[in-house]
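The structure appears right after this line, and notes come after that.
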Amino acid sequence: MQQALHIRHLGQQDYESVWHAMQTYTDNRDSNSQDELWIVEHPPVFTQGQAGKSEHILNPGDIPVIQVDRGGQVTYHGPGQLVAYPLIDIKRLKIGVRQLVTNIEQAIVSMLNQYEVEAYPKPDAPGVYVKEKKVASLGLRIRKGCSFHGLALNVDMDMTPFLRINPCGYAGLEMVQCKELGGPATVVEAGDKLIDSFSQIMGYSQVIHHQGLVD
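Last residue of the sequence shown? That's 310 in my numbering, and every number before it is there in order.
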């Protein structure tokens, strides 16, 4: 069994401050630093990955676009979406980034299966899908053998901003949310279920909860 996983419940926070806090935590951590999972919602924002192509941002309108240091293309974050950032020392766990991605996807699939929602990952397009519609997006960065950035699960949100982009770089990709599928009804419920499934799949011996970034 691995060590404890520390959960940080951040509520709703602006994207850039959480992003920079992730960078700082990753830059300053050492072999004794604890693994953390940050649970957060963001105000409306488009984020564009490192290899992101501008043609996938069709009509951002009044929603800001932020260039960030994760993999993947453009996605949307907004209220009613569960965002979870695993800050994990994968070198210490002796797993590769591909295994971490697989574990994250399986945690989402397992959580949705509890609601009898048949979800699945795709080998060629990271994320989780239901009937060819995407319910969760994934984008990670590994630095010093440690992960940051993470996943976004659509729970109960305004989906129209996804029409302003080619989600994850796929023109015409349809997005779907838990509310339409009979899955978890709130971000809090989805977060609690995801914490359980992720910590089990990753093999953590215990889960310790914190409110906010500073104890």
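Ideal placement from N, C-alpha and C gives every residue a C-beta, glycine not left out.
Original post:
From the DSSP output, which residues share a beta bridge with M270?
Top reply: K229
Original post:
Can you tell which of I158, Q145 and Q168 has the C-alpha that lies nearest to the C-alpha of H151?
Top reply: Q168
Original post:
For the 8 Å Cβ check, are there 3 or more pairs between the segment 122-137 and the segment 166-184?
Top reply: yes
Subject >> Presumed contact (8 Å Cβ cut-off) between V192 and H172, rounded CB distance >> reply: At roughly 22 Å, the Cβ-Cβ gap does not stay under 8 Å, so V192 and H172 are not in contact.
**OP:** Kindly identify the DSSP beta-bridge partner or partners of F243.
**Re:** R236
**OP:** Identify whether E150 lies in helix, strand or coil by the three-state DSSP scheme.
**Re:** helix
**OP:** Would you list the one or two residues that DSSP bridges to R259?
**Re:** In DSSP, R259 forms no bridge with anything.
Original post:
How would you call D184, buried or exposed, if buried means at least 16 neighbouring beta carbons within 10 angstroms?
Top reply: buried
Original post:
If we count the other Cβ atoms within 10 Å of its Cβ and call it buried at 16 or more, is N127 buried or exposed?
Top reply: exposed
**OP:** Report buried or exposed for G147, applying the criterion of at least 16 other Cβ atoms within 10 angstroms of its Cβ.
**Re:** buried
**OP:** Give the range of the alpha helix (DSSP H) segment to which Y120 is assigned.
**Re:** Y110 to N123
**OP:** Note down the Cα distance separating V163 from L276, rounded to an integer number of angstroms.
**Re:** 30 Å
**OP:** List the DSSP bridge partners of F141.
**Re:** V160 and Y171
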